[in-house]
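J.: Would you mind keeping the following structure in view while I ask a few things?
Protein chains in written order, with the numbering used here: chain A, 235 to 540; chain B, 43 to 293; chain C, 798 to 1187.
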């Protein structure tokens, strides 16, 4: 049986937990889900493939302290469980690494696939390469969100509750919720850029709202930075910034060589342009021949559904 | 106060990664650099050292080529340079065991590192080492200050950030820091030239690296992208979005 | 594409660790602070003051000078600094050449202890900018017949005359000026506020636009007696300075050529015409291969010259050869690079035409191409061919 440390999203079970269960099912194992602070425990019992759920309650779960959480949940992990899964989120990766060190087993982080021989595939060099790595014994594996579909519902697994707190080593003096400042193009993993085809600077608001959904930065071609007085920091291209995001969405940009020079090393390029002969389509992985007025609302709707 | 910064040398993030005989071919790497998140950790460590009059020790574990990175760390002001010499692959336990032995040897109280290295992208070292030395662990840090005998760190999260306080021994694993690593100057470079690097083997640290249960089977280039496709109209958007999520894994 | 400095024969692997670290420090700074701002600086015709501050903080001004707060690096390191700066812009490298080789060096070699202690530390830190007044409106290749005059008035010197084409003049606190005292060329330190001294900027340049070029005008300019450089008389003074500056320029020109090569290569790989990148056409490959050939030869010349300079076994003609060759090929490379860029090459989206225009000045200053040719001709034959006299 594989032990899964559930992930929480505020006070509810994070959907990735169900994906971890599915990962266990996919390699022929059932799952023991441990819920730190009891968050999502009842929901976890409904996930198909879950054998039992342990809800670990304690004061230490009020804030995230990886050391304390690991200490509190460790004894709930069955000794004969060879493999422990957590999600490859910030919290899951930290918790997984601490648990691994505590139990003196190795950890493999950010798996995108695995099989029943515990052969794991993961990305390295920021996605420039892949590796296959295998554990022959006990280990912890963190799994990248959305690498597996969610497991079906309809179960009714057994739920145990234990009280087990641990000493906190940190204290939170202040927690600040900040509407995140829009990222700069040079730092963002996803960039949405607009060009002359956007028509006017006001229409960039459409790109901004799309960027908010994706946590993306907003960029611009040199033509519009010069003509519409946009900030030079947004400019992607020869005399602007050279960017290498995972995803570059070019809207109303023709694809002049100076612009391409700045973004053609992007991992994936999506182009939206009503001119089917626009050179940008030569570099796009996915090209959409449509006006931005037609395409953006549909794109926004599809992205919001995710 | 003894401040330790854990540094890793990686292929420069602009380097092209070539695979040969099933593994990354190091001989094609023309530029090696300090892992970017480690640079933020080093800058913060330098500031902390200044503020609390401490002693800054840089530790790295790796082959001969790593010593150059330590000299670069000296050029910006690191006091002591430790090179744990090892060639080849290390799993998380082995890496952490070596680093822990060195941290204990040099009596580290505050340890800084990058949240993950640019080659493995794993991020296990900070939290794992914290557990092994009984230190508090704060990851995704953008800043660490020393105020009134407390260590105050800014921990980033998806909603914003938290101001966290803790006391040594502590480990801080850095995300993008508030300050970029300072540039060296000629004086720093000339002094760094004279700075001795303490070279240690696992045996010197009393560590025997037992066989690992992790086997690196192979490394390969990323899956070939399908050639670009052009679609008329907006009907294709749903399909494109799901491909971006499931196949390309970019959203 | 990130900057790849062409180094086909891996000559940089011969550099010492210290020289390599200095290289990386300057290269990173140029990437971060100069490249994003240079085109704007050129359009506005200004030398950004932040660059002066940064050069001072990095500690690269007066690179090969020892003591008095100066860096004390090798001449090879000085060359590397010039190369990395000029990859950014020749005007930027001119600032450093003038500061280090033409203003700090004469004080360091020919000044009194008091002068060295007073001027050098602040010039090394970049707090005081220096300039070098040798060339006059009517005396360029022939500095020996200069007419700027210094008169000994008892308790001060009086300077009269004008200098032209003086880099940094308008922004300098310190000017090392060469003038004839009783018919003999001597060096004088003139300070910005000395009465009778003005330094108007020369406007309207199509070249070195991000550099300040000035006239120095002396009208009964009164300077204290302690401002004369005691350690040298005659043309040996200014020529020693020029030798050092020319050394730096022989490396600097390589940087400019490398920048043009890099841009041309990158452009030709991405510019598609007749369905193929222009890099796939033979005439373009021929041009790129020629550039690589000349850059490699220039690198070997500069590197070996650096070795000789650091070992102390050089003569001025060695430096003339390198300055002349490396600047000449750099200018040709810039022109061919512009050609490869097609129409795009005339825009400041690309650096090539800026480098091309700059190198026209670099080919003329610090000894014109033709003059260096004659210096070598005289070395070979023993016969001077500069003038019509015997």
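Built from N, CA and C at the ideal position, the CB exists for glycine as well. Bear in mind that the values here come from a model prediction, so they are computed numbers and not experimental data.
1) Residue 806 (chain C): buried (16+ other C-beta within 10 angstroms of its C-beta) or exposed?
2) Since residue 1074 (chain C) sits in a beta bridge, which residues does DSSP pair it with?
3) Distance, Cα to Cα, residue 123 (chain B) vs residue 821 (chain C)?
4) Less than 9 Å between the C-beta atoms of residue 108 (chain B) and residue 299 (chain A), yes or no?
5) Comparing C-alpha positions only, which one of B:207, B:290, B:150 and B:261 sits nearest to residue 300 (chain B)?
6) Does any residue of chain C bring its CB to less than 9 Å from the CB of residue 501 (chain A)?
7) Which value, in whole angstroms, describes the spacing of the CA atoms of residue 841 (chain C) and residue 997 (chain C)?
8) Of the choices B:212, B:57 and B:274, whose alpha-carbon is the least far from that of residue 301 (chain A)?
9) By the three-class DSSP mapping on this structure, what secondary structure does residue 304 (chain B) have?
10) Name the residue from A:417, A:516, A:495 and A:473 whose alpha carbon lies nearest to the alpha carbon of residue 272 (chain B).
11) Pick out whichever of A:532, A:308, A:370 and A:345 has its Cα sitting closest to the Cα of residue 254 (chain A).
12) Inspect the CB distances between the region 499 to 511 of chain A and the region 451 to 467 of chain A and report whether three or more fall short of 8 Å.
13) Chain A partners of residue 836 (chain C), CB-CB under 9 Å?
14) Relative to the C-alpha of residue 373 (chain A), which residue among B:254, B:154 and B:56 is closest?
15) Taking beta-carbon pairs under 9 Å, can you tell me which members of the region 1056 to 1077 of chain C lie near chain A?
16) Under the three-state reduction of DSSP, which class applies to residue 949 (chain C): helix, strand or coil?
17) Just checking, does the region 257 to 267 of chain B make contact with the region 457 to 477 of chain A on the three C-beta pairs under 8 Å criterion?
18) According to DSSP, is residue 407 (chain A) helix, strand or coil?
19) Inspect the beta-carbon positions of residue 1017 (chain C) and residue 956 (chain C) and report whether they are closer than 9 Å.
20) By DSSP, does residue 801 (chain C) sit in helix, in strand, or in coil?
21) How is the alpha helix (DSSP H) around residue 532 (chain A) delimited, first residue to last?
22) Rounded to the nearest angstrom, what separates residue 1113 (chain C) and residue 1167 (chain C) at their Cα positions?
23) So with Cβ pairs under 9 Å, would you call residue 848 (chain C) a contact of chain B?
24) In whole angstroms, what is the alpha-carbon distance linking residue 293 (chain A) and residue 210 (chain B)?
25) Apart from the five residues on each side of it in sequence, which residues of its chain come closer than 6 Å, Cβ to Cβ, to residue 530 (chain A)?
26) Cβ atoms of residue 1012 (chain C) and residue 988 (chain C): under 9 Å apart, would you say?
27) Is it right to say residue 464 (chain A) is buried, meaning 16 or more other beta carbons lie within 10 angstroms of its own, or is it exposed?
28) Quickly, what does DSSP pair residue 319 (chain A) with across the bridge? List them, please.
29) Using a beta-carbon distance below 9 Å, is residue 451 (chain A) in contact with chain B?
30) So what does DSSP say about residue 432 (chain A), is it helix, strand or coil?
31) Among residues of its own chain, excluding the 5 on either side of residue 890 (chain C), which ones have a beta-carbon nearer than 7 Å to its beta-carbon?
32) Measuring only between beta-carbons, confirm whether residue 465 (chain A) sits less than 9 Å from chain B.
33) Hey, how far is the Cα of residue 1025 (chain C) from the Cα of residue 967 (chain C)?
34) With 9 Å set as the bound, which would you pick, yes or no: does the beta-carbon of residue 1145 (chain C) sit closer than that to a beta-carbon of chain A?
35) Using the beta-carbon of each residue, which ones in chain B are nearer than 9 Å to residue 826 (chain C)?
36) Residues of chain B with a CB under 7 Å from the CB of residue 868 (chain C): which are they?
T.: If we stick to the structure as given:
1) exposed
2) C:1069
3) 20 Å
4) no
5) This structure leaves residue 300 (chain B) out entirely; chain B is present only between 43 and 293.
6) no
7) 17 Å
8) B:212
9) This structure does not reach residue 304 (chain B), given that chain B is present from 43 up to 293, and the question cannot be answered.
10) A:516
11) A:345
12) no
13) 473
14) B:254
15) 1063, 1064, 1067, 1068 and 1069
16) strand
17) no
18) strand
19) yes
20) coil
21) 526 to 539
22) 15 Å
23) no
24) 22 Å
25) 440
26) no
27) buried
28) A:238 and A:375
29) no
30) helix
31) 879, 882, 883 and 1049
32) no
33) 21 Å
34) yes
35) 225
36) 228
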